[in-house]
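Below is one structure, written out as structure tokens; the observations come after it.
Residue numbers (this note's numbering): 74 to 255.
See the structure below:
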């Protein structure tokens, strides 16, 4: 072993020692930082958060009468978009229960309506698609007025309409796990 080999070995060892020291100092700094955050939280608490203090001011909370058009009865939809969506979800669930379908059917219907219309009773869509499930009069789902009636649209979704199959007509619909699109 000559002098150059010894120098290389010493330089390598010094680098390893430096890296080890840096890791130790970094770990110590992280522990001090975490302890500081805990102490800060103890001496300056943020207070108590309550759901009643929260305002629902995000998307979908404004007056939605311009968005959803009518409710199928010819009456103008009223209330916030969120209130309408909850009402439509309840109506879909009632139709499923009336048809004696399990909760999974309601879940699938709600997932579908969220995907198709963000659970809004839309009077427009691709081509002539309408309503919660974006069903098309030209494809035999019913008239515009029928499709815009949430209970009719949900019944059509579950049981089918005309030559269109409903959820209950699809073999094995109750067994697969619902998945999100990738």
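A virtual CB, placed ideally from N, CA and C, is assigned to each residue, including glycine.
A direct Cα-Cα distance of roughly 49 Å separates residue 206 from residue 110.
For residue 208, the secondary structure class from DSSP, reduced to helix, strand or coil, is strand. Around the Cβ of residue 221, a 10 Å sphere holds 16 or more other Cβ atoms; the residue is buried. Bridge pairing for residue 237: 234 [DSSP]. By the neighbour-count definition (other C-beta atoms within 10 Å, threshold 16), residue 179 is a buried residue. Beta-bridge partners assigned by DSSP to residue 96: none are found.
In chain order, 240 place their CB closer than 6 Å to the CB of residue 246, counting only its own chain and leaving out the 5 sequence neighbours on each side. By the Cβ test, the region 195 to 202 is not in contact with the region 151 to 167, since fewer than three Cβ pairs between them sit closer than 8 Å. With fewer than 16 other CB atoms across the displayed protein chains lying within 10 angstroms of its CB, residue 98 is exposed.
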